[in-house]
Every structure is written in C-alpha cells, then in structure tokens.
Amino acid sequence: MDALQTNDSLFDIFRETAEQYPERTALDYRNRRYTFRELLSASERAAAQLVHAGVSCGSVIGIELEKSDLYLITVLAILRAGCIYLPMKPGLPEKRLAYMLNISGTSHLITAKPISGRLGIQQISVKQLFIDCNLDDVVFPPPDRYAYIIFTSGTTGDPKGILIRQESVVNLIRSMSARIDAFQTHTELCICQTAEFLFDASVGQYYLALLTGAKLVLLPDSLKSDMDALSDFIQQRQISIMDFTPTFLSMYLMYMQSVSRTAFLPETIISCGEALSSALAGTVYGNPTW
-8 MDALQTNDSL FDIFRETAEQ YPERTALDYR NRRYTFRELL SASERAAAQL VHAGVSCGSV
52 IGIELEKSDL YLITVLAILR AGCIYLPMKP GLPEKRLAYM LNISGTSHLI TAKPISGRLG
112 IQQISVKQLF IDCNLDDVVF PPPDRYAYII FTSGTTGDPK GILIRQESVV NLIRSMSARI
172 DAFQTHTELC ICQTAEFLFD ASVGQYYLAL LTGAKLVLLP DSLKSDMDAL SDFIQQRQIS
232 IMDFTPTFLS MYLMYMQSVS RTAFLPETII SCGEALSSAL AGTVYGNPTW
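Just so we're aligned: 30 in this note's numbering is position 39 of the sequence shown, and the numbers increase by one with no gaps anywhere.
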C-alpha cells in the first residue's frame, strides 16, 4: 500500500484533539469511560502490541469483535500501526468470513476467541493488545493512505470490498461538522454511535466525535428493540447528535405515543438511508423535547 502523502492522518488528527482536550470524556460504553488522554494512551499501547506481533505498513487487519470500547481502541491502534482495518463481527457465516479475509489479503485477525482452521491468518487475542508495554523502543510505521475496507452485504452475489482513503474520512467529518449547527453553538457535544462497526454509517458517527473533541457514547444493540429504554438512554446520557433511519424514527415516535410517554430526542437528528416524509418531520418538530 502507499504511504499517506498529506497531513490527513486520522490518528494524527485524533492525537491533536486528545492533546487539546485531554481531560474531556472521549468514550462512554456501559460502565466504562475514557478521557481523550486515556483513550490515546490505550490505543498507542495496543498499537505497540501489533508492531510486536509483526504487522507492517499497509497490512490489512481484521477485527472480529462485538461493538464495545475495545473495538474502538483496536481501530485506533491499527491506524497508529500504519495498517488498514477490516471491520467484522462474531457470528458471520464462516464462508463469508473466509471470503472477506481472503479477498482483502488480511494478514492478522483481532478476535476474542481464536478459531482453528483459519490458514494463512495470524490470529491475535484482543486481550493481548491490552497487556501493558514500554513504548520507548517501539518504531511505528508511517500511516497508510487507506484507512479501512468496507464490504457490501453480498445480497446480489459475493460481497464486494472497497478501500477507503484516510483523506476521504477527514473530508466527510469536516463537511459534517461544518453543516451541523450544534458544532457552531456548543462547546461540548455528545454523539451516539448507533451502527455496528462493520456498517459504513458508523464511520461518520465515531470519527465525528474522535476528531472534534465530542464525547462518543456507544449504544448497546439491545436498546434498539426496547423503545422505553432507548428514550431513557437518550435523556440520561444527554445525547446531542444521533442517527435514525426514517423507518426507525417513525416506529420510535409511534410506540412512545401509543404508551403515552414522551419520546426524548437528541438536539440534532441525522436521518438518511431512505426518504424522510414531511409528515414525519412535522411529528419531530412537534415533539416537546425537541
């Protein structure tokens, strides 16, 4: 792979943000919270373990983990080590997983439970990344111009992998932060990541927080089917920005109305993926919490 020729390294921008806001909360997942300083430190230690495991600039590293704080730290560690990440999750059909690993040229796989039979792939237990180590003797490779590989669903045939450049992600985040009014009127924001890491929608969610100094709150997937708990979550975590597809937003508002409860909404709603009707927009504008 090619080395990045610009200053648009995602990890460098994240590090600059962490140095600017070291004591702000960067990540919140269940009962675990990290300041930007702590998240930077954890990702650099995990990156050092990757270097010790033999990765090199441009290596493709798969991530087979559940959505969690460890997943995000692993993403940052892979970028710090000059590599490209391939987001996946446990439970994918083994045939699909093998195809993705093979076609992408994956050399290493970060997993909670290494599985025998994955020939040609060096599996690394995620626990290994969080063993404390000395960073003084670690030489990190330069950043690759590519950040990650995303695969299509494969509903019309074999999944197709797409390499995404780091500068493309930076351009996305710059555009989003310029267009979202809350970034011009608030000094501290709380962004909710609703999507799983293997879906491209997640990219705009977690990098929007990491690169701007906002707090990232990972939504437990179990709350997507519990509308009461979701409303409480939005209120209690004081979510500022959150993605809803129009279909899910409509279901959420209709359910809360049916049980005579107020549907708490974030100040900024990003709704995409399908048409947003004027009637649904009117319901949102009429919500007393918005």
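Glycine included, each C-beta is placed from N, C-alpha and C at the ideal position.
- Query: At what residues does the beta strand (DSSP E) containing Pro78 begin and finish?
  - Reply: Counting along the chain, the beta strand (DSSP E) containing Pro78 begins and ends at 75 to 79.
- Between the CA atoms of Pro105 and Ser34 - distance to the nearest angstrom: Between the alpha carbons of Ser34 and Pro105 lies a gap of roughly 21 Å.
- Item | Closest Cα partner of Ile141 within the set Gln40, Leu18, Ala192 | Residue Ala192 is the option with its Cα nearest to Ile141.
- On the premise that Ile101 lies in contact with Ile153, defined as a C-beta separation below 8 Å, what is that separation, rounded to the nearest angstrom? Here Ile153 is actually not in contact with Ile101; their C-beta atoms are around 21 Å apart, not less than 8 Å.
- Message: Assuming Ala138 is part of the alpha helix (DSSP H), what are its boundary residues?
- Response: Annotation for Ala138: no alpha helix (DSSP H) segment contains it, though the beta strand (DSSP E) segment containing it runs 137 to 142.
- Message: Tell me which residues share the same chain as Leu244 and place their Cβ nearer than 6 Å to its Cβ, disregarding the 5 neighbours each side in the sequence.
- Response: Contacts found: Ala254, Thr274.
- For Gly53: DSSP bridge partner residues: According to DSSP, Gly53 bridges with Leu77, Leu100.
- Query: What residue range is occupied by the uninterrupted beta strand (DSSP E) comprising Phe235?
  - Reply: In the DSSP assignment, Phe235 falls within the beta strand (DSSP E) that extends over 232 to 235.
- Using the rule of at least 16 other Cβ atoms within 10 Å of the residue's Cβ for burial, across every protein chain shown, is Ala266 buried or exposed? Only exposed fits Ala266, as fewer than 16 other CB atoms lie within 10 angstroms of its CB.
- Item | Beta-carbon proximity check, Ser95 vs Val51, cutoff 8 Å | Yes; because the gap between Cβ atoms is below 8 Å, this pair is in contact.
- To which residues of the same chain is Arg15 closer than 8 Å at the C-beta, ignoring the five residues directly before and after it? Once the five neighbours on either side are set aside, the close Cβ partners of Arg15 are Thr26, Phe27, Glu179, Gly204, Lys206.
- Item | Identified DSSP bridge partners for Ile282 | Given that the chain is displayed from residue -8 to residue 281, the structure contains no residue 282 and the question cannot be resolved.
- Message: Suppose the cutoff is 6 Å on Cβ atoms and the five residues either side in sequence are ignored; what does the same chain contact list for Cys74 look like?
- Response: Excluding sequence neighbours, Cys74 sits near Val46, Ser50, Ile52.
- Task: Would you list, in sequence order, the uninterrupted beta strand (DSSP E) runs of no fewer than 3 residues that lie entirely inside the stretch 156 to 206?
- Result: Those beta strand (DSSP E) runs which fall completely within the stretch 156 to 206 and span 3+ residues are 181 to 184.
- Query: Under a three-way DSSP split, which group does Arg87 fall into?
  - Reply: In the structure shown, Arg87 sits in a helix (DSSP, three-state: H, G or I).
- Task: Tell me whether Ala44 sits in a helix, a strand or coil according to DSSP, three-state version.
- Result: It is coil, neither helix nor strand.
- Continuous beta strand (DSSP E) stretch holding Thr253: start and end: Premise fails: Thr253 is in no beta strand (DSSP E) and is neither H nor E.
- Message: Considering Cα atoms alone, identify which of Ala173, Ser262, Thr176, Phe121 is closest to Thr185.
- Response: Ranking the options by Cα distance to Thr185, first place goes to Ser262.
- Message: Given a cut-off of 8 Å on the beta-carbon distance, is the pair Pro134 and Phe239 in contact?
- Response: It is not a contact, given that the beta carbons lie outside the stated cut-off.
- Task: Please name the residue in Phe188, Thr8, Asp123, Lys86 whose C-alpha comes closest to that of Gly108.
- Result: The option with the nearest alpha carbon to Gly108 is Lys86.
- Query: The beta strand (DSSP E) spanning Gln113 covers which residue range?
  - Reply: Element bounds for Gln113: 113 to 116.
- Task: Return the Cβ separation of Arg156 and Ala138 in integer angstroms, given the expectation that the two are a contact with Cβ distance under 8 Å.
- Result: Contact flag correct, Cβ pair sits at about 7 Å.
- What separation, rounded to the nearest whole angstrom, lies between the Cα atoms of Val129 and Ala72? Each residue's Cα considered, the two are about 10 Å apart.
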